[in-house]
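What follows is a set of notes on a single structure, which appears directly below.
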Amino acid sequence: MEFLMDPVQDLVARKSYPKAVELLKAQLARRPNDPRLRLKLADVLILAGRGQEAVGGLMALADAEAADGFAAKAIAILKRIEKIEPGRRDVEERLARLIQEKVRRAPGPAGTAAGGRPELGLEEFDPSADPLASGAPPPEPEINPDPPAPVATPTADPDLEDLAYVAGTETDAAAPRAVVSTPLFEGFSRDELVAVIRGLKLLTFEPGDVLVTEGAPGGSLFILTTGTVKAFVKDARGESVKVHELGEGSFFGEISILTGKPRTATLTAATSCEVLELDKATLDSITRSHPHVLEVLKRFHEARAQDTVEAIIRNRP
0 MEFLMDPVQD
10 LVARKSYPKA
20 VELLKAQLAR
30 RPNDPRLRLK
40 LADVLILAGR
50 GQEAVGGLMA
60 LADAEAADGF
70 AAKAIAILKR
80 IEKIEPGRRD
90 VEERLARLIQ
100 EKVRRAPGPA
110 GTAAGGRPEL
120 GLEEFDPSAD
130 PLASGAPPPE
140 PEINPDPPAP
150 VATPTADPDL
160 EDLAYVAGTE
170 TDAAAPRAVV
180 STPLFEGFSR
190 DELVAVIRGL
200 KLLTFEPGDV
210 LVTEGAPGGS
220 LFILTTGTVK
230 AFVKDARGES
240 VKVHELGEGS
250 FFGEISILTG
260 KPRTATLTAA
270 TSCEVLELDK
280 ATLDSITRSH
290 PHVLEVLKRF
300 HEARAQDTVE
310 AIIRNRP
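Here the sequence shown stands for residues 0 to 316, where the numbers follow numbering that gives the first Met the number 0.
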């Protein structure tokens, strides 16, 4: 796939948007159901100032992602539509309905991953826990040879210059995708879900950018919609150690937003990433009219609070 995408990237870099659009349309004619190409075409149309042409394709793609269980991806697409048509509300209602229908059809209790356990997060650990309580041997950490780069300011989706889904192989795009369910969306009523969707902001990060820094104040939670993020903590010697890697659909940061405690890990973008952010001010506004939203967040945090991977690293001599 890279050999197909490189010419598009080259045309975009040279701002030859009409040619890039035609090339992408030719690729889509051969692979009409490829969501990466569909989103790429929409992004290039937006860059070309032809956003209205992109709306129909984005609407259809958002519907498909939501119906397939990719709620966070669907919401990220919705944020693109809102940028083109500010104030549009019908899409939020439709996405909320599709997400809830998918949750009702999904096997197993809401809020759990396919294996029956809540999805693993980054800040959900008890530093005082016994690292060997589970009886499993502690994992060998990956030492980060270079400390994370200085904190980079995220781009709040400015003109969508950071095009999503630019990489991948022919095999990757053709292979069936596993459903990545974000439990954040599974415990809400329709009205609550719409309120949360409206409160989310779409941010973009490039490889090496720092999303959050260990020890810094934290006032927001995040949902990773595209890309991969690495998590580092300081061990007993003060060295940065990689303890986890998060993929699409991961949800993290709720400890800081619920308790006001500093961040317990440093997160850096391993690839180009898109992230949905819900800040505390927005959450507070939502919970004043929808108090159950806060209860859902607290329950989810408590359900996965026993993870001790980071604690194992911290407690090592």
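Where is the CB? At the ideal position from N, CA and C, for every residue including glycine.
Output needed for residue i: all residues of its chain with C-beta closer than 7 Å, excluding positions within five of it in sequence on either side, in chain order.
i	result
Ala215	Pro261 and Arg262
Ala66	Leu97 and Lys101
Glu91	Leu77, Val193, Ile196 and Arg197
Val54	Ile80, Ile83 and Glu84
Lys72	Glu64 and Thr224
Asp278	Gly218 and Ser219
Gly56	Arg37, Leu40 and Ala41
Ile74	Leu94, Ile196, Leu199 and Leu275
Asn32	none
Hey, how far is the Cα of residue i from the Cα of residue j?
i	j	result
Asp62	Lys78	13 Å
Val43	Phe187	34 Å
Gln51	Ala269	33 Å
Gly48	Thr227	29 Å
Ala109	Leu192	Only weak support exists for where Ala109 lies, its pLDDT of 44 falling under 50; the coordinates are left without a value.
Lys233	Val242	10 Å
Thr225	Phe251	14 Å
Ala28	Ala280	45 Å
Gly246	Cys272	10 Å
Leu36	Pro17	16 Å
Leu296	Glu253	7 Å
Lys82	Leu94	17 Å
Ile222	Gly68	15 Å
Arg104	Glu185	12 Å
Pro206	Glu276	18 Å
Ile256	Lys24	43 Å
Pro34	Ser288	36 Å
Glu294	Leu210	26 Å
Ala19	Lys200	28 Å
Val274	Gly86	21 Å
Ala70	Glu301	22 Å
Glu238	Pro290	40 Å
Thr203	Ser15	23 Å
In or out: residue i buried (at least 16 other Cβ within 10 Å) or exposed?
i	result
Gln26	buried
Asp283	exposed
Ala235	exposed
Thr258	exposed
Ala12	exposed
Asp129	Low per-residue confidence applies at Asp129: pLDDT is 39, beneath 50, and the placement is therefore not dependable enough to give any value.
Asp89	exposed
Phe299	buried
Gly248	buried
Ala59	exposed
Ala166	Because the pLDDT at Ala166 is just 29, under 50, the model does not fix this residue reliably, and the value given afterwards should be weighed accordingly. Label assigned to Ala166: exposed.
Return the first residue and the last residue of the alpha helix (DSSP H) that residue i is part of.
i	result
Phe69	No alpha helix (DSSP H) contains Phe69, which DSSP labels as neither H nor E.
Ala235	It is not in any alpha helix (DSSP H) - Ala235 carries neither H nor E in the DSSP assignment.
Ala194	Arg189 to Gly198
Ala269	That residue, Ala269, is in no alpha helix (DSSP H); it is neither H nor E in DSSP.
Glu91	Asp89 to Arg104
Phe184	Counting along the chain, Phe184 falls outside any alpha helix (DSSP H), and DSSP gives it neither H nor E.
Glu294	His291 to Ala302
Lys39	Pro34 to Leu46
Lys24	Tyr16 to Arg29
Give me the DSSP bridge partner(s) of residue i.
i	result
Ile222	Phe250 and Leu275
Glu244	Lys229
Thr265	Phe231
Val211	Leu266
Within a Cβ cutoff of 8 Å, which residues of the same chain sit near residue i, ignoring the five residues on either side of it in sequence?
i	result
Val292	Phe187, Glu191, Ala194, Val195, Leu282, Ile285 and Thr286
Leu22	Pro6, Val7 and Leu10
Gln99	Arg189 and Leu192
I'd like to confirm something about residue i: is its beta-carbon nearer than 7 Å to some heavy atom of the ligand HEM, or not?
i	result
Ala71	This structure does not include the ligand HEM; it has no bound ligands of any sort.
Going by beta carbon distance, what residues of the same chain come within less than 6 Å of residue i, once the five residues before and after it are set aside?
i	result
Lys322	Residue 322 lies beyond the stretch modelled for the chain, which goes from 0 to 316, so this question has no answer here.
Flag residue i as yes if its beta-carbon sits less than 8 Å from any beta-carbon of chain D, otherwise no.
i	result
Leu202	Protein chain content of the structure displayed is limited to a single chain, and chain D is not contained in it.
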